[in-house]
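Right, one structure below, let's go through it.
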Amino acid sequence: MPQLANPLDLNDELSYTPQKGGLAARAQSVARSNAAYLDGLNPEQRRAVEVIDGPVLVLAGAGTGKTRVLTTRIAHIIATGSAYPSQILAVTFTNKASREMKERIGHLLGQVAEGMPWLGTFHAIGTKILRRHPELVGLKADFTILDTDDQIRLMRQVIRAEDIDEKRWPARALASFIDGWKNRGLTPDKVPAGEASAFANGKGGKLYTLYQERLKQLNAADFGDLLLENLRLFREHPDVLQAYQERFKYMLVDEYQDTNVAQYLWLRLLAQGRRNVACVGDDDQSIYGWRGAEVDNILRFEKDFPGAVVVRLERNYRSTGHILATAGKLIAHNQGRLGKTLFTDDELGEKPTLTGAWDSEEEARLIGEEIEALQHKGHSLADMAILVRISAQMREIEERFVTLGLPYRVIGGPRFYERAEIRDALAYLRVVANPTDDLAFERIVNVPKRGLGDATIEQVHLYARKAQIPILEAVRRLIETDELKPKPRSALRELALSFGRWSTLIETMKQGELAEQILEESGYTDMWQKERTADSAGRLENLKELVRSMDEFPDLGAFLEHVSLVMEMTDNSTAERVSIMTLHGAKGLEFDTVFLPGWEEGLFPNQRALDESGRAGLEEERRLAYVGLTRARRRAKLYFASNRRIHGLWNATTPSRFIDELPPEHVEVIDAPAGFGGHGGYGRSRFDQGGFGGSSYSTPGWQRAQSQPQPTQPAARKSPMLIEGELVAKSTGTVANFNEGERVFHIKFGYGAVASVDGNKLTIDFEKAGRKMVLETFVERG
DNA sequence: TCCTAGCGCTTTTTT
DNA sequence: AGCGCTAGGA
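Residues -4 to 777 in my numbering are what the first sequence lists, from first letter to last.
Following this line, the structure appears as C-alpha cells:
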C-alpha cells in the first residue's frame, strides 16, 4: 500500500502483530487445535463460513442460523490467520444486532471482541470514518450529529427564511423528501429536477441546498449525511477510498435486504477493492421498503459481483412443522422472490390457531385469557409476545392486561433519549461540550422560562448571522451593548455566565456530577418540581436515570456520541413479562408463543401501504405477516375482530386476505370464542344478561347490539350470535336506513339532523357537537 | 411574553 | 379519540 500522510496513514493498524494471548492469537490456537467452532454447522452453513475469498451471498431464511454463520465466519477469518480483527468490516443495521454479534464472537473466541474496531452499524462506521477526515467534507472533527428533531427544527428555520407557508409545506414533509434523497445517495445537485420541484412550488431543491449549507455552518451532520458524506469522501478522494479498500480485507453485511441505495453504493465502493464481501439476507424478510430499503440490492448481487457464490440456508431450527408450513404457504403468494423453502426435522407440533372475535376489546380479552391459561400450564411470560401491525393496537391490549394484572412490557415505545426532558438536559450538555452548538442552545435558551421571547431570540439570531459567529458568542457580545432590553439582557448575561462556568468544570468534574449541577443551577430541575402534573415525577426520575447512566462513559464527549448514535437505553429489567411490540420491532426475535391480533383488511394488510405502493405494498405486508409467523417457535395464534375502533369510530371489518392464503390443513380454526363476554358459553351468558354480579357485556359491540339493530353485521357467529339475534329482535327494531333531513340520536353526540348520506356513512349536523361524519350503525332515529 | 382554545393529522422505525 | 402545533388574545 502506498505511503500516506496523516490522517490517511492507516499503517498503524495494518502492521499490527497479534498480541500474546490476544484475541487473534487465541483464535489461531483454536484453529490449529481442530476448529471446534465449525462443529455442529450443517453443510450449507459450513460453506457459508468457509468460503471466505471472493463475493458470497448467503440467503438465510428465518431461523436458519444466520447470526451464527456471520459470527462463525468472522471467527474463521481470524482463526485461519487470513486477517486481523482490525481488517474486517462488519456492518449491521441496528445497535442491537452489532452488540449481539460482538458478544457472540467473544464467546466463540473465548473473550470479548474488543479487537473488532470496524464492527458496527452503518452509521457508526460512517461516523468513525468521517471523524478521521472531516475537513475533506467541510466539517470539523467535533461535528455534531443531529437527530430527527434537530433536523426538523433546522428545516423549519430554512423554510421560514425562504418565506414559504409552513402550513402548506411543513418541515416534516421536507424532511421526508430530503431523507428520501439521501437514502438514494443524491446530493442536492443530483436530485432529478422533477422531484426537486415537487416541494413548495419548485423550491424543494433550493431548500435542500440551503439546508446542507446550514448544516455545514453549524458543523453538523444529520443521519443521512453520515453515509452520504462518506460517499462524497470516497468519490472525491480516491486515495482515501483506496486506503480503506486495502484495509478491509474482508467485509460482512447483515440484513442485506434492508440496505438502501446509499448503503449499497457505500458497500460497493469499498468492496470493489478486494471483493471479499459476504452479504447475508433474506428477501422474504424485507419489510423496510417504505424507508428506502431496496430488495433489488439482494436480487442484483450476482450481477454486481460476477462469480459470486450463493448459499441458501433453508434448514430451520426455530419453528415446529405446522408453523413453518403455514408461513411457507403464505409467503409463496409473493412474486419476484429468490425462492427458498424452509424445512425442519422438528415435530409438526401445534397447528397455528385462528380465532375470530366480535370486536377488538374481545380480542384483547381472548388473548389475555389464553396467556393466563398458558401461564397456568407453566409457560413463562417471557416466552410470549404479542405482535401488532400498528402501535395504536397496543392500547386496548395494554388496558386489558392492566385489568388482569398481567405484567407486560412494550418494546419500542417512545425512546428514552427522545423524551423532551432528556433532550433538554442533553442540549445543556451539548452546549457545554461545544459552545458552537447553536441548535442545542436555541432549544434551552428559554427553558426554563427566562422571559426570553421570540423577539429577543430573533435579535440574537440576526446578530449572530451578520457577524458569522455562533449564537452563544453573539449573546456574549450583545450583552455588552445596550441593544437589548434590560430584562432579556440580564437573563442572557446570567445564562452566558453559567455556561462559561460549566465549561471550565468539564476538566475537573465527572460528567454525571457536572450534569447534576447544571440541571440544578439552570433551574431545570426546579421547573419540573414546581410543575405538579401527573408525569412530572416520572420526568424527574428520567433525569436521575440519565445522570446515573452518564458515568459509565469515559468522558462527556463519549457519552454524547453514544447518545446520538445509539438512541436507545439498555433495558436491564429481567422481570418476567409478556412483550408487546410491532411486527417491525419483532424482526430478529423469537418466542415460544406468538399472538398475532388484527388480521383484518385495511389494518393488515394496511390500507395505506396498499394505496401508496400497490402490489409492492401488498407484498411487503405479506412479508410482514411472514416475519410475524416465523417468530414463533411452538405456537402461533392469529386473531381477527369483526369490529374495530379506528380514530375513535367503530368500523365493521372483514378478515384479512392473508387468512385465506393460509393452508387450511395446517391451521386450526377456533370456533366460537370460549366466552363471548367472558366465561362459559351460551347458558352462562344468558344468565349474565340478567345483570347479576355485574354484566360482563361491556363491549361496545354488545352495547350497540342492545341499543339498536345491526343490519350490516352478517349473522356469521354461532351461539353468541343467537343471543345477539334475540336481543336485536327485542330492541327498537326497524332496519336503519336514513334519509336527509331526518332527526337522529347518537349515543355520544346527542341529537342532530342528517345532512347527507353516503352509503352507510352519514354526515350529521349535531345540535351540540356540530357536523360529524358517523357510521349509520351508530345512530338511531331520534 | 405567556396561555389557551381550536385545528389537523393519524403505519411501520433506525440511525 | 387523542395529541401536538399554531395562531390569536390577555
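All C-beta atoms, glycine included, are put in the ideal place defined by N, C-alpha and C. What you are looking at is a predicted structure, and each value in this text was computed from that prediction instead of being measured.
What distance in whole Å lies between the Cβ atoms of residue j and residue i, which are believed to be in contact at a cut-off of 8 Å?
i: Ser314; j: Ala627; result: 6 Å
i: Ile392; j: Ile641; result: At roughly 16 Å, the Cβ-Cβ gap does not stay under 8 Å, so Ile392 and Ile641 are not in contact.
i: Asp587; j: Asp378; result: 4 Å
i: Val51; j: Val64; result: Wrong, their Cβ atoms sit about 10 Å apart, outside the cutoff.
Would you mind sorting residue i into buried or exposed? The rule is 16 or more other CB atoms within 10 Å of its CB.
i: Val664; result: exposed
i: Asn734; result: exposed
i: Thr528; result: exposed
i: Thr350; result: buried
i: Gly35; result: exposed
i: Gly200; result: buried
i: Ser517; result: buried
i: Pro805; result: Outside the shown range of the chain (-4 to 777) lies residue 805, about which nothing can therefore be said.
i: Ser821; result: As shown, the chain starts at -4 and ends at 777. That puts residue 821 outside it, with no answer to give.
i: Asp158; result: exposed
i: Asp546; result: exposed
Tell me which residue opens and which closes the alpha helix (DSSP H) that residue i is part of.
i: Leu479; result: Leu479 -> no alpha helix (DSSP H), and no H or E assigned at all.
i: Trp261; result: 256 to 266
i: Val64; result: 61 to 74
i: Lys244; result: That residue, Lys244, is in no alpha helix (DSSP H); it is neither H nor E in DSSP.
i: Arg41; result: 38 to 45
i: Asp217; result: Premise fails: Asp217 lies in the beta strand (DSSP E), 215 to 217, not in any alpha helix (DSSP H).
i: Met545; result: 531 to 545
i: Met562; result: Neither: Met562 is in no alpha helix (DSSP H) and is coded neither H nor E.
i: Asp291; result: 291 to 294
i: Ile417; result: 415 to 428
i: Val397; result: 389 to 399
i: Ile362; result: 355 to 371
i: Glu475; result: Neither: Glu475 is in no alpha helix (DSSP H) and is coded neither H nor E.
i: Ser93; result: 90 to 104
i: Arg652; result: 652 to 655
i: Phe172; result: 166 to 178
i: Thr503; result: Unbroken run through Thr503: none, as it is neither H nor E.
i: Met522; result: 519 to 525
Which residue wins for smallest C-alpha separation from residue i, given the options the options?
i: Leu787; options: Ala387, Cys274, Phe635, Gln330; result: This structure gives no information on residue 787, because the portion of the chain shown stretches from -4 to 777.
i: Leu247; options: Gln82, Gly175, Ala30, Thr588; result: Gln82
i: Gln506; options: Glu526, Ser544, Gln524, Leu492; result: Ser544
i: Leu222; options: Glu367, Val132, Glu656, Arg629; result: Val132
i: Asp104; options: Gly121, Leu349, Thr87, Ile69; result: Before going on, a small fix: residue 104 reads as Leu here, not Asp. Minimum Cα distance to Leu104 is reached at Ile69.
i: Asp666; options: Glu596, Phe138, Ala327, Phe635; result: Phe635
i: Arg414; options: Leu125, Thr143, Ala136; result: Thr143
i: Leu361; options: Pro50, Gln152, Ala570, Gly593; result: Gly593
i: Ala31; options: Glu489, His71, Asn311; result: His71
i: Asn214; options: Lys539, Arg126, Ile406; result: Arg126
i: Ser559; options: Ala748, Val542, Phe218; result: Phe218
i: Thr577; options: Arg227, Trp164, Gly407; result: Gly407
Distance check for residue j and residue i, CA to CA, integer angstroms please.
i: Ile140; j: Val622; result: 32 Å
i: Met522; j: Arg603; result: 41 Å
i: Val304; j: Ile47; result: 10 Å
i: Asp432; j: Leu421; result: 12 Å
i: Ile147; j: Gly175; result: 14 Å
i: Asp145; j: Val256; result: 24 Å
i: Pro709; j: Leu633; result: Reliability of the predicted coordinates at Pro709 is poor, the pLDDT of 29 falling under 50, and the value obtained from them is presented with this limitation in mind. Distance between the alpha carbons of Pro709 and Leu633 is about 21 Å.
i: Lys346; j: Glu656; result: 15 Å
i: Gly331; j: Arg295; result: 12 Å
i: Tyr239; j: Leu265; result: 7 Å
i: Asn601; j: Glu616; result: 7 Å
i: Ile326; j: Arg639; result: 26 Å
i: Pro301; j: Arg270; result: 10 Å
i: Arg179; j: Gly287; result: 7 Å
i: Gln280; j: Arg488; result: 56 Å
i: Arg155; j: Tyr206; result: 12 Å
i: Ile474; j: Glu468; result: 10 Å
i: Asn537; j: Val561; result: 17 Å
i: Ile381; j: Thr648; result: 20 Å
i: Leu337; j: Arg395; result: 36 Å
Could you give the residue range of the beta strand (DSSP E) that holds residue i?
i: Met379; result: 379 to 383
i: Asn638; result: 627 to 641
i: Ile83; result: 83 to 87
i: Val153; result: Premise fails: Val153 lies in the alpha helix (DSSP H), 143 to 156, not in any beta strand (DSSP E).
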